[in-house]
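Take a look at the structure set out below.
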Amino acid sequence: MFVRYCPTVTAADQNTPPADDAPFRLTMSPGFEGWLSENDTSLAFALPPSKLVFVGRDLDNRIAVYERTFDKTMGLTADGTHRIYMGGRYQTWRFDDVPLTSEAADSGFDRCFAPRQVWVTGNINVHDVAIDPRGGPGNGVTLVATRFSCLARPSDEFGFEPIWQPPFVKSFRPGDRCHLNGLAMGSDGPAYVTAVGATDDLERWRTERRGGGIAVHVPTNEIVATGLSMPHSPRLHNGVLYLTHSGDGSLIRVDPQAGTWEEIGFAPGFLRGLAFVGKYAIVGSSMPREGDLYSGLPLDDRLAEANQRPRLGLFVFDLDTGAIAEWLFVEGAFREIFDVITLPGVRRPMAYGTVGRELADSVWIDSSTSAGASVGRP
Amino acid sequence: MRAIHTARLLDFEATNDDGFVEWLERTNQTIVISHSNKLLTFGRNSSGRLAIDQVLFDRVTGLCVGVDRSLCVASHHELWRMTDALAPGESSPTGADRWMMCRTARFVGGVKPADPIALADDVWFVSVALSAVCSLDDTFSAKVQWVPPFISEVRPEMRCRLTGLGARDGVPAVVTSASTSDVAGGWNEHRASGGVLIDLVTGEVLAAGLSMPHSPRWHAGAWWLVQAGTGEIGCIDDGRFVPVARIDGFARGLTISDGVAAVGGSGSRWDELVEGLPVGDRLRATGARPASGVFLFDLKSGSRIGELRLDGTAREVADVVVLADTRNVELSGPHGRSAQDWTTFPTDSVP
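Top to bottom, those sequences are chains A and H.
All letters in the first sequence, in the order written, are residues 150 to 527 by the numbering used here.
All letters in the second sequence, in the order written, are residues 89 to 439 by the numbering used here.
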């Protein structure tokens, strides 16, 4: 096991004023903009409680930030680069790309996401959101319904449809019994989940935060990793299972067959939210606060040992070396990042929100629509 | 003499006669209407008295009941699907026998949807802004399915003002339009008598000379509709509008059930809604009480068998539907506590 430390944070290379008048600003590592260009990607991250933030680059390859406000921003997932799903307080949204205005296109925007559908799930405490490539109702969208300790599908008929529970949760009933929070989707559907404890009593997982965390293989119900502190964000990348060992401030690689895991690297923060581009892992980092759910964990000791304070933002790990290659910090009133996604090939994304009249007043019509179109039969 | 039951709710007052509740009781139905930015339900409580529930939406422009007993709500730029949270025999916390909850919405932007028809996997509606019949689409605000023959270009300009969409045997079949204007906002010049009923398949004008026609409904082998501008309810017979009943208000929203027409009425005497329309002239000339609310007419005799009047600041009834086999409905809206605090799941899919 080895540990890499975050590069010393110096004066920000560039401060990008965020869109609108949001109470946060971003600072980044000197190479962050170049890294975005080299990897030809943009990023989006969920900054609870209220912001969905897009990070792209303008026509001069400088960082370009776009943010929107929602009622709680939780799990994020992209279906290709034209569709996004996001979980909220009691809603889950589907965003699709919509035609760009010519002004936006001239400014270098090359993708615009607009909310096109919402499911009212009720407050089931949605954490991760992922897409089952096999499809199904709602295009295979799968939610981690933490308040019901299950995997679920959004539904046009019900608040949600439960599809799986961990083996140690013995019956289906309301309540956060194990803090099921993360979902790694595989090519054959849900593959791995993370939970804070292998517990079945209401809120009992809170006593398991320091080392009772696990990863479970969904198809076989087998526990494939144990001894973790508040694991989150399991993801399969090139066939390898990665997850954030949040309470330890580290990114880990799991060998499910052997039931072992190894640390890839450390970063100063409660790591949660994980996405990949090439040999890089992009990890979200939140700030524990004394007495909250994210404090009193091994992370506290590692931060003290490294003489570091926790950071809110994104860390980019080089998977080959475990080193932190780049970082992007969020400064302001926020303390948490829940999830991060990549949008490969998209240079500068923008989005509509649900607040205000903008979405309500926008009309996108197919310019090829001809007047006098004859009736189609439904 | 009629006994009057009055319920006061936030910003309006509902007053109904016995006939209104008697019809609901006899047919075991509940009426749901859109009232400006609310859905209102009129059912009966356990002692047979009127029971009202209400829930806030964005401005509601149309309603329909799906074949699966779901409720489709066209709400400004959203199309909501509401489903019943109760299993047969269950009751809601307030004792209703149906509990309609918002489950999902599609965002259609500024196309201004109205008079939706919920199909198996789609919703068709008139886009008032585009002057076209549309369905749901993922890429564009809506998929244009049909454009009136007199509209030369699909633009969000509210040219002719499509007002209603009628289905026959579950298939969208006709539209009502306030005019045949092809210029932006042009419908406004033709409110008094420029309205038409058009066959979607042939493009044929089935009736002309109508005043703000709305809510075309197929019943007993004929197209029935309301002329909002005259307040008349009637059917089309060989291109002619045959009035059967009339209200002293802007008639919009029509459901025919059990031989009875449930009609929505809107507007006050000096409302711009009725300005320049025959019904507005009549209201001012006669001093008649403006008909705002829901009115029930026996279609055979034309006689009014019941009414529920709504007084208050909100006066626009956009649509009226009935839910069959329902004593009373509780509503949970798209936002607020009930949307957060309640959820439903199928017990048979529980792992």
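All residues carry an ideal CB built from backbone N, CA and C; glycine is no exception.
By alpha-carbon positions, which one of the options ends up nearest to residue i?
i, options, result
"Val278/A", "Ala263/A, Thr222/A, Asp246/A, Gly360/A", "Thr222/A"
"Gly398/A", "Arg359/A, Asp404/A, Trp242/A, Asn387/A", "Arg359/A"
"Thr518/A", "Asp156/H, Phe228/H, Gly150/H", "Phe228/H"
"Asn104/H", "Asn116/H, Glu418/H, Gly131/H, His123/H", "Gly131/H"
"Arg211/A", "Gly224/A, Val202/A, Leu185/A", "Leu185/A"
"Ile401/A", "Asp467/A, Leu452/A, Arg353/A", "Asp467/A"
"Pro380/A", "Ala364/A, Leu452/A, Ile473/A, Ser199/A", "Ala364/A"
"Pro422/H", "Trp275/H, Arg186/H, Cys190/H", "Cys190/H"
"Met235/A", "Ile514/A, Ala500/A, Arg506/A, Ser511/A", "Ala500/A"
"Leu396/H", "Asn125/H, Leu365/H, Ala139/H", "Ala139/H"
"Arg425/H", "Leu144/H, Asn133/H, Leu128/H", "Leu144/H"
"Leu351/A", "Val389/A, Val275/A, Gly324/A", "Gly324/A"
"Ala261/H", "Ser122/H, Asp270/H, Ser303/H", "Ser303/H"
"Pro237/H", "Ser281/H, Pro201/H, Leu285/H", "Leu285/H"
Quick one: what does DSSP say residue i is sitting in, helix, strand or coil?
i, result
"Trp275/H", "helix"
"Asp440/H", "Because chain H is modelled from 89 through 439, residue 440/H falls outside the range shown and cannot be assessed."
"Ala474/A", "strand"
"Gly408/A", "coil"
"Phe108/H", "helix"
"Asp162/A", "For Asp162/A, the predicted structure reports a pLDDT of 26, less than 50, and the residue's modelled location is therefore unreliable. A value from the coordinates is still provided. Three-state DSSP puts Asp162/A in coil, outside helix and strand."
"Phe195/H", "strand"
"Leu313/H", "strand"
"Thr393/A", "strand"
"Thr435/H", "helix"
"Asp386/H", "strand"
"Trp513/A", "coil"
"Arg153/A", "Unreliable positioning characterises Arg153/A in this predicted model, as indicated by a pLDDT of 23, which lies under 50. The coordinate reading is nonetheless provided below. The answer is coil: DSSP assigns Arg153/A none of H, G, I, E or B."
"Leu300/A", "strand"
"Gly394/H", "strand"
"Ser281/H", "coil"
"Gln457/A", "coil"
"Pro311/A", "strand"
"Arg497/A", "coil"
"Leu294/H", "strand"
"Gly324/A", "coil"
"Glu507/A", "helix"
"Ala427/H", "helix"
Just how far apart, CA to CA, sit residue i and residue j?
i, j, result
"Val409/H", "Met246/H", "26 Å"
"Thr435/H", "Leu292/A", "18 Å"
"His164/H", "Ala430/A", "42 Å"
"Gly361/A", "Phe483/A", "28 Å"
"Arg355/A", "Ala173/H", "33 Å"
"Glu92/A", "Thr176/A", "Residue 92/A lies beyond the range of chain A shown here (150 to 527); nothing can be said about it."
"Leu207/H", "Ser158/H", "11 Å"
"Arg302/A", "Ser219/H", "37 Å"
"Gly297/H", "Val199/H", "26 Å"
"Thr241/A", "Glu277/H", "44 Å"
"Val367/A", "Pro339/A", "6 Å"
"Pro311/A", "Phe433/H", "7 Å"
"Val216/H", "Pro204/H", "12 Å"
"Ala193/H", "Gln266/A", "5 Å"
"Ala406/H", "Arg238/A", "31 Å"
"Ala316/H", "Thr264/H", "11 Å"
"Gly335/A", "Ala255/H", "44 Å"
"Asp399/H", "Glu110/H", "22 Å"
"Lys388/H", "Leu127/H", "29 Å"
"Thr503/A", "Ala407/A", "46 Å"
Can you check DSSP and say which residues form a bridge with residue i?
i, result
"Phe415/A", "Ser399/A"
"Ser173/A", "It should be pointed out that residue 173/A corresponds to Phe in this sequence rather than to Ser. Paired residue(s): Gly481/A."
"Thr264/H", "Gly252/H, Leu285/H"
"Ile431/A", "Ala424/A, Val465/A"
"Thr491/A", "Leu192/A"
"Leu419/H", "Met188/H"
"Ala206/H", "Val211/H"
Tell me whether residue i, by its Cβ, gets closer than 6 Å to a heavy atom of the ligand GTP.
i, result
"Glu320/H", "In the structure on display, the ligand GTP does not appear, and there are no ligands present to speak of."
- Whole alpha helix (DSSP H) runs in the stretch 177-227 of chain A with 4 or more residues, listed along the chain? 181-187
- Task: Report the residue ranges of all beta strand (DSSP E) runs contained in full by the stretch 328-378 of chain A; include only those spanning at least 3 residues, in chain order.
- Result: Counting only runs of 3 or more, we get 329-335, 338-344, 362-366, 371-377.
- Item | Segments of 4+ residues assigned as alpha helix (DSSP H) that fall wholly inside the stretch 93-178 of chain H | 106-115
- What residue ranges within the stretch 315-375 of chain H form continuous beta strand (DSSP E) runs of no fewer than 3 residues, ordered along the chain? 320-325, 328-334, 338-345, 348-354
- Item | Sequence ranges, alpha helix (DSSP H) only - wholly within the stretch 228-297 of chain A, length at least 4 | 251-255
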